[in-house]
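Residue numbers (full-length UniProt numbering): 1 to 327. Each residue gets a CB set at the ideal place from its N, CA and C atoms; glycine is no exception. The structure appears below as structure tokens.
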């Protein structure tokens with residue numbers, strides 16, 4: 001299937017941060033039109049989010065990205081118009097109860113409703129012929145022959161083999177003749193032979209002119225590869241976050257976007273030390289130590305923008321901590 005032309009994709013230091021830290025980060029790539037790009041990494045390493053970011057469906061938190069010369073996220077709508085999603089779990093999965101024909105018919109109707117020219121309303125016969133041609137072209141491009149299925153076009157999706165379902169998803173995406181195609185979980189639940197067939201299929205789509213981004217757990221050696229982290233959070237955090245993240249993991253400290261941290265520790269059999277720190281315009285430290293003879297010494301220091309005040313007795317520390325709303 002010949003695309004109008006593939007879209008060039010570029011990114012530099014691209015990153016997306018969520019409530020629990022970096023989803024992916026420091027991603028850089030340069031892909032020419034018609035390239036096959038593998039997004040490689042383990043499950044939970046931000047592969048799908050990177051896929052959605054590069055197709056204008058998620059907003060990155062740092063770095064730069066362009067698709068066909070369109071900067072992201074500023075021109076995300078234009079990027080969505082020239083890109084299409086293949087199978088992406090949780091986003092556009094096939095309906096297992098629908099038949100192959102129903103999926104094709106639904107996509108054709110959506111294309112006529114949202115992608116068709118208004119003048120086509122006055123030429124319904126020509127419009128239907130164009131839709132049939134796009135369906136046949138897409139099926140040929142992915143090597144899917146509905147007549148060869150167990151129940152032909154009436155075969156439900158739940159009865160399709162994994163590779164057949166992949167072909168159907170790709171056919172639905174290619175009906176819009178996108179310049180950029182994104183595919184998630186390319187090699188999921190496929191045997192070695194099926195995996196080779198899947199990559200051959202994606203390579204043929206790219207050879208037809210469409211740029212392809214494909215998520216996988218293990219990329220072939222002959223494709224451009226972009227790797228995400230080795231876990232649910234990327235292993236290479238930005239310099240300004242690495243120390244804080246490491247400290248938080250070691251001490252059980254939770255860091256919020258506003259810079260507030262909290263830490264509770266228990267020391268020894270004969271004494272307890274409590275420590276609370278709030279970072280911001282004012283820094284308050286309360287420290288209590290129990291000595292062997294049972295005497296408790298408390299110190300409190302409050303540091304503000306205007307200077308430093310020291311309370312030598314326990315009351316000063318208690319008042320300072322109470323002022324921050326922390327006990």
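- With contacts defined as CB atoms closer than 7 Å, residue 100 and residue 153 qualify as a contacting pair.
- One Cα belongs to residue 164, the other to residue 20, and the distance between them is close to 37 Å.
- Within the same chain, 139 come within 8 Å of residue 145 by CB-CB distance, once the 5 residues on both sides are set aside.
- Around the beta carbon of residue 178, a 10 Å sphere encloses 16 or more other beta carbons of the protein chains shown; the residue is thus reported as buried.
- About 6 Å separates the CB atoms of residue 53 and residue 16; that is less than 8 Å, so the two are in contact.
- For residue 13, there is no enclosing alpha helix (DSSP H); the enclosing beta strand (DSSP E) covers residues 9-18.
- For residue 204, there is no enclosing beta strand (DSSP E); the residue is found in the alpha helix (DSSP H) stretching over 192-207.
- Setting aside the 5 residues that flank it on each side, residue 47 is surrounded in the same chain by 39, 41, 215 and 228, each with a C-beta closer than 7 Å to its C-beta; the list follows chain order.
- Rounded to whole angstroms, the separation of the alpha carbons of residue 180 and residue 51 is 11 Å.
- For residue 79, the uninterrupted alpha helix (DSSP H) run begins and ends at 76-82, by DSSP.
- Taken through DSSP and simplified to helix, strand or coil, residue 131 comes out as helix.
- Of the residues assessed, residue 27 falls on the buried side of the cut-off, its CB having 16 or more other CB atoms within 10 angstroms.
- Going by C-alpha positions, residue 31 is about 15 Å away from residue 83.
- Pairing residue 76 with residue 63 gives a Cβ-Cβ distance that is not under 7 Å.
- Counting of Cβ neighbours within 10 angstroms places residue 185 among the buried residues, the total reaching 16 or more.
- Check the Cα spacing between residue 65 and each of 10, 155, 43 and 192: the tightest is with 10.
- Relative to residue 160, the option among 49, 188, 96 and 134 whose CA is nearest is 96.
- Beta-bridge analysis with DSSP links residue 67 to 9 and 70.
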